[in-house]
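In my numbering, the protein residues as written are 122 to 381.
Virtual Cβ for every residue (Gly too), placed ideally from N, Cα, C.
To start, the structure itself, in structure tokens.
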Amino acid sequence: MPTADIASSLAALADAGDGQAACRLSAELMRCRFLAQVQSDPDESAARNIARLHADGKHDQARMIEARMSKMRSQLESCARLPAGLDKRALHYFRSAALTGNATLLFRYASGSGFESEGGYGYLTTPEFDQWRGEAEAAMQRALSQGSPEAALVLRAAHDGDIGLFAGLVADDDRQAYAYARLTERLFGDTLVNVPGLPTRPSISPADAEQAEALAAQWHQGYFDGQQFDVISVMAESMWQPWQDVSPADPCQPGGVAHG
Numbered sequence: 122m123p124t125a126d127i128a129s130s131l132a133a134l135a136d137a138g139d140g141q142a143a144c145r146l147s148a149e150l151m152r153c154r155f156l157a158q159v160q161s162d163p164d165e166s167a168a169r170n171i172a173r174l175h176a177d178g179k180h181d182q183a184r185m186i187e188a189r190m191s192k193m194r195s196q197l198e199s200c201a202r203l204p205a206g207l208d209k210r211a212l213h214y215f216r217s218a219a220l221t222g223n224a225t226l227l228f229r230y231a232s233g234s235g236f237e238s239e240g241g242y243g244y245l246t247t248p249e250f251d252q253w254r255g256e257a258e259a260a261m262q263r264a265l266s267q268g269s270p271e272a273a274l275v276l277r278a279a280h281d282g283d284i285g286l287f288a289g290l291v292a293d294d295d296r297q298a299y300a301y302a303r304l305t306e307r308l309f310g311d312t313l314v315n316v317p318g319l320p321t322r323p324s325i326s327p328a329d330a331e332q333a334e335a336l337a338a339q340w341h342q343g344y345f346d347g348q349q350f351d352v353i354s355v356m357a358e359s360m361w362q363p364w365q366d367v368s369p370a371d372p373c374q375p376g377g378v379a380h381g
């Protein structure tokens, strides 16, 4: 059954603490908000592209766009059936789903990706953004402790720069940056060369380096059971956003998507 048709029931369950209901509802609400931002008139430009492709004999490409637009129209019709005002609680339910233990959404909430569905910068003055700023770093640490290799990459960069919402919250710290650098080297091995713009390990004293090395070894074994990952696969999964249709697995299953 379409989520829009049971949105009121899902909201009641989510308000009572049901993480799966909050996950499913937040994904639908964020998708609708995202579509409203980027699709003011989806058919007009698509129709021109489809006609041009057919004229050029590129019928398969034209049919792909036609199928995509048909799906988008269906999604917009579904969005129109949502209870009035419920879309304004998208970030609330996203946060609820993440903090009830959903491993997939926890990393994305911590990194601030939920705000990307809002469009523009109006979210910077919202209570939800203030709330996120107060708990994002702890949420990212929790994601790391639950075995999120993406979190290790983000924490490495955040302690050695200010690019992105999350990194702007985290104080630069050479010892922490070194420890997370060693953790990511343990997690990803030689595949780390595929990460563009990754900060180099900072220079710290031998004593601090020894402590950071021990901490990285502790995290690697305790949080990841000593496993290694392919960084390209991990980065590809981390690009998925809650409002998109295709995900590595169903993010609303109990516990979310686990690695390894």
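Taken in chain order, the complete alpha helix (DSSP H) segments of 4 or more residues contained in the stretch 142 to 207 are 163 to 176, 180 to 201. Put simply, of Leu308, Gln297, Phe155, Phe250 the residue whose alpha carbon is nearest the alpha carbon of Gly268 is Leu308. Runs of alpha helix (DSSP H) with 4 or more residues, each lying fully within the stretch 257 to 305, are found at 270 to 279, listed in chain order. Put simply, the backbone Cα of Arg322 is about 12 Å away from that of Glu334. As the crow flies, the alpha-carbon of Ala201 is around 28 Å from that of Trp253. Taking a 10 Å sphere around the C-beta of Ala231, we find 16 or more other C-beta atoms and assign the residue as buried.
Bounds of any alpha helix (DSSP H) do not take in Phe236, whose DSSP letter is neither H nor E. For Gly233, the closest of Arg189, Ala279, Gly206, Arg194 by C-alpha to C-alpha distance is Ala279.
The Cβ-Cβ distance between Tyr301 and Arg263 does not fall below 9 Å. Counting the other Cβ atoms within 10 Å of the Cβ of Glu149 gives 16 or more, which makes it buried. Its Cα nearest to that of Ala260, the residue Ala219 stands out among Gly285, Asp251, Ala219. Boundaries of the alpha helix (DSSP H) harbouring Tyr344: 327 to 345, taken from the DSSP string. Rounded to whole angstroms, the Cβ separation of Cys373 and Arg229 is 13 Å, and the two are not in contact under 8 Å. Phe236 and Thr246 have their C-alpha atoms some 12 Å from each other. With at least 16 other beta carbons inside 10 angstroms of its own, Asp281 counts as buried. For Tyr214, the uninterrupted alpha helix (DSSP H) segment begins and ends at 211 to 220. Taken atom to atom, the span from the alpha-carbon of Asp351 to that of Phe345 is near 14 Å. Separation of Asp136 and Gly206 (C-alpha to C-alpha, rounded to the nearest whole angstrom) is 15 Å. Secondary structure of Pro320 (DSSP, three-state): coil. In this structure, Ala143 places its C-beta atom within 9 Å of the C-beta atom of Ser217.
Annotated as distal: Gln342 and Arg296, with beta-carbon spacing of 9 Å or more. Rounded to whole angstroms, Glu187 and Ala157 show a C-alpha spacing of 19 Å. Secondary structure of Gln349 (DSSP, three-state): coil. DSSP, read as helix, strand or coil, puts Thr247 in coil. At the C-beta level, Ala211 and Ser166 stay beyond 9 Å of one another. In the structure shown, the three-state DSSP call for Gly138 is coil.
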